[in-house]
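Take 9 as the starting number for the sequence shown in my numbering and just add one per residue. The beta-carbon is built from N, C-alpha and C at its ideal position, and this holds for glycine as well. Nothing here was measured: the structure is a model prediction, and the numbers come from that model. Following: one structure in structure tokens, then a few remarks.
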Amino acid sequence: MTATSMAPAPHRRKPIVWDRLLAIGLILPSLVATAIFVYGFIGWSVRVSLSKWVGLLPDYTFVGLEQYLALFQDRRFGIDVRNTAIFTVLFLAICLILGLFLAILLDQRLKGENFFRSVYLFPLAISFIVTGVVWRWLMNSATGSRISGINLIFQSLNLDFLISKWHLTAPPWGIAFIVIPAVWQMSGFTMALYLGGLRAISDDLREAARVDGASEFQTYRYILFPMLAPVTLSAVIILGHISLKIFDLIVAISQNNMALDVPAVYMWRTTFDGNNYGQGAAIGVLMLLTVAVLIVPYLVYSMRTEEEV
Numbered sequence: 009m010t011a012t013s014m015a016p017a018p019h020r021r022k023p024i025v026w027d028r029l030l031a032i033g034l035i036l037p038s039l040v041a042t043a044i045f046v047y048g049f050i051g052w053s054v055r056v057s058l059s060k061w062v063g064l065l066p067d068y069t070f071v072g073l074e075q076y077l078a079l080f081q082d083r084r085f086g087i088d089v090r091n092t093a094i095f096t097v098l099f100l101a102i103c104l105i106l107g108l109f110l111a112i113l114l115d116q117r118l119k120g121e122n123f124f125r126s127v128y129l130f131p132l133a134i135s136f137i138v139t140g141v142v143w144r145w146l147m148n149s150a151t152g153s154r155i156s157g158i159n160l161i162f163q164s165l166n167l168d169f170l171i172s173k174w175h176l177t178a179p180p181w182g183i184a185f186i187v188i189p190a191v192w193q194m195s196g197f198t199m200a201l202y203l204g205g206l207r208a209i210s211d212d213l214r215e216a217a218r219v220d221g222a223s224e225f226q227t228y229r230y231i232l233f234p235m236l237a238p239v240t241l242s243a244v245i246i247l248g249h250i251s252l253k254i255f256d257l258i259v260a261i262s263q264n265n266m267a268l269d270v271p272a273v274y275m276w277r278t279t280f281d282g283n284n285y286g287q288g289a290a291i292g293v294l295m296l297l298t299v300a301v302l303i304v305p306y307l308v309y310s311m312r313t314e315e316e317v
């Protein structure tokens, strides 16, 4: 046998073109579905928002920005925007503060950490509809023999001065009370984000700070908190996205209380109860633009960070 005949046969590589075609074939269904059911419907909604479609029969007569101008002159839509602003500010602030506080407590590696972490995260397993139904009972404003929920506890403790109408109170306090169940459900999520961020920080940094004479408060303020800035940004983006398009929790608690309307609820009622598809689509487009104002800067920041790394 010659050396040539004994040499192993060269490994045949699959053509690079075939690999690329296979990869494109695998992701193509997702791309087509996204193009049709996400961007296609967004484009269709924009088209409808520029029409005067009122009623069950489609009417794509172009009216320009008429639907948007009508919304800006609509007092009810103004109340919805105000309610969303109040809800978003309170929801973000309380979730961030409470979540960070819980994360710091769990970061002390106390006994029973797994139990408490599970307790804090458990509300995430419940949908906003279920949360809304439960908290509607807890915040029941009935009096006398029909009193229940939190007000019943106050009455039993002879704290009648704390008995409240909760979400039935005059604006803007009604929407502020609805922040309570939203925070109850999402603060555990914020806690998990912050806890992950704290655990990712090397213990050597903390030890170095203590060696330099920094107190525990100074360690958190000048070292740990600045390093948690990306986590805070992510939490703000996610929670802000949720609050800007909140729908199911509001419906479950407020039912038909128009004083607690938000744009998502108004869009539903305008479109499917009032059959005003043009104005309903305009509300949806405005909500999309509002979310985009929050999301796009985050995406740009993430892309720049990846390029720097």
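(message) Please list the terminal residues of the continuous alpha helix (DSSP H) segment that includes Leu206.
(response) Where Leu206 is concerned, the enclosing alpha helix (DSSP H) starts and stops at 181–208.
Item to complete: With distances taken Cα to Cα, identify the nearest neighbour of Gly288 among Val25, Ser57, Ile186.
Response: The residue among Val25, Ser57, Ile186 with its C-alpha nearest the C-alpha of Gly288 is Ser57.
**Prompt:** Thinking just about the alpha-carbon of each residue, which of Tyr306, Asn284, Pro271 is nearest to the one in Ile94?
**Reply:** Comparing Cα positions, the closest option is Pro271.
Taking all protein chains shown into account, do 16 or more other C-beta atoms lie within 10 angstroms of the C-beta of Ile50, making it buried, or fewer, making it exposed? By the C-beta density criterion, Ile50 is exposed, having fewer than 16 other C-beta atoms within 10 angstroms.
Practice task
Go ahead and pull the three-state DSSP assignment for Phe255.
Solution key: Shown here, Phe255 sits in coil according to DSSP, grouped into three states, outside any helix or strand.
Touching or not, the region 134–145 and the region 257–264, by the rule of three or more beta carbon pairs under 8 Å? As far as the Cβ criterion goes, the region 134–145 touches the region 257–264, which means the pair count is three or higher.
* To do: Can you tell me which of the three DSSP states Ser59 falls into?
  => Residue state, collapsed to three classes: strand.
Does the region 151–165 come within contact of the region 239–250, defined as at least 3 CB pairs closer than 8 Å? No contact exists between the region 151–165 and the region 239–250.
Could you check which residue in Gly286, Met147, Ile155 has the C-alpha nearest to that of Ala78? Taking each of Gly286, Met147, Ile155 in turn and checking the Cα distance to Ala78, the smallest one comes out for Gly286.
TODO: For my contact list, His249 and Leu201 are in at a C-beta cut-off of 8 Å; report their separation, rounded to the angstrom.
DONE: In fact, because the Cβ distance is near 14 Å, the residues do not count as touching under 8 Å.
Query raised in the report: Should Met194 go down as buried or exposed, given a rule of 16 or more other Cβ atoms within 10 Å for buried?
Result: Counting every other CB atom within 10 Å of its CB across the protein chains shown gives Met194 a total of 16 or more, marking it as buried.
To the nearest angstrom, how far is it from the Cα of Asn264 to the Cα of Cys103? So the two alpha carbons sit approximately 27 Å from each other.
| message | By DSSP's criteria, Phe85 is part of a beta bridge. Which residues make up the other side? | response | Bridge partners of Phe85: none, in fact.
List the DSSP bridge partners of Phe70.
-> Note: Phe70 sits in a beta bridge opposite Ser59.
Helix, strand or coil for Ala318 per DSSP? Because the chain spans 9 through 317 in this model, residue 318 falls outside it and cannot be assessed.
- Task: Ignoring anything shorter than 3 residues or poking outside the region 211–239, list the beta strand (DSSP E) runs there in chain order.
- Result: Complete beta strand (DSSP E) runs here, min 3: none at all.
Between Thr298 and the rest of its own chain, which residues show a CB-CB distance below 7 Å, the 5 nearest in sequence each way excluded? Only Leu252 meet the Cβ criterion.
| Is the distance from the Cβ of Gly48 to the Cβ of Tyr128 below 8 Å? | No, the Cβ-Cβ distance between Gly48 and Tyr128 is not below 8 Å.
Is the separation between the beta-carbon of Asp6 and that of Leu203 shorter than 8 Å? Lying outside 9 to 317, the shown extent of the chain, residue 6 is not represented and no answer is given.
**Prompt:** Rounded to the nearest angstrom, how far is the Cβ of Leu206 from that of Leu165, given a contact under 8 Å?
**Reply:** About 37 Å separates the Cβ atoms of Leu206 and Leu165, ruling out a contact at the 8 Å cut-off.
Should Asn159 be counted as a contact of the ligand NAD given a C-beta to heavy atom distance under 7 Å?
-> Ligands are entirely absent from the displayed structure, and the ligand NAD is therefore not among its contents.
Review point. Who are the Cβ neighbours of Val308 in its own chain at under 7 Å, not counting the five residues just before and after it?
Key: Within the same chain, Val308 has no close Cβ partners at all.
Checklist entry - Run through DSSP, which three-state label would Ile112 get? => result Correct three-state label for Ile112: helix.
ask   = Are the beta-carbon atoms belonging to Val187 and Phe99 less than 8 Å from one another?
value = The Cβ-Cβ distance between Val187 and Phe99 falls below 8 Å.
Along the chain, where does the alpha helix (DSSP H) containing Ala272 start, and where does it finish?
Start and end: 271–276.
In the structure shown, what three-state DSSP assignment does Leu79 receive? Three-state result, Leu79: helix.
**OP:** Could you work out which residue in Ala237, Met275, Ile246 is closest to Phe255 when comparing CA atoms only?
**Re:** Ranked by Cα distance from Phe255, the first of Ala237, Met275, Ile246 is Met275.
| DSSP three-state assignment for Met266, whether helix, strand or coil | Of the three classes helix, strand and coil, the one that applies to Met266 here is helix, per DSSP.
Requested in this report: Compute the Euclidean distance between the alpha carbons of Leu108 and Met147, then round it to the nearest angstrom.
Outcome: Each residue's Cα considered, the two are about 27 Å apart.
Original post:
By DSSP, does Ala260 sit in helix, in strand, or in coil?
Top reply: Helix.
message: Counting C-beta neighbours from all protein chains within 10 Å, is the total for Arg144 16 or more, i.e. buried, or is it exposed?
response: Arg144 should be labelled buried.
7 Å Cβ shell around Leu268 - same chain, five flanking residues per side excluded: Correct list, in chain order: Asn91, His175, Gly182, Ile183, Ile186, Ile258, Ser262.
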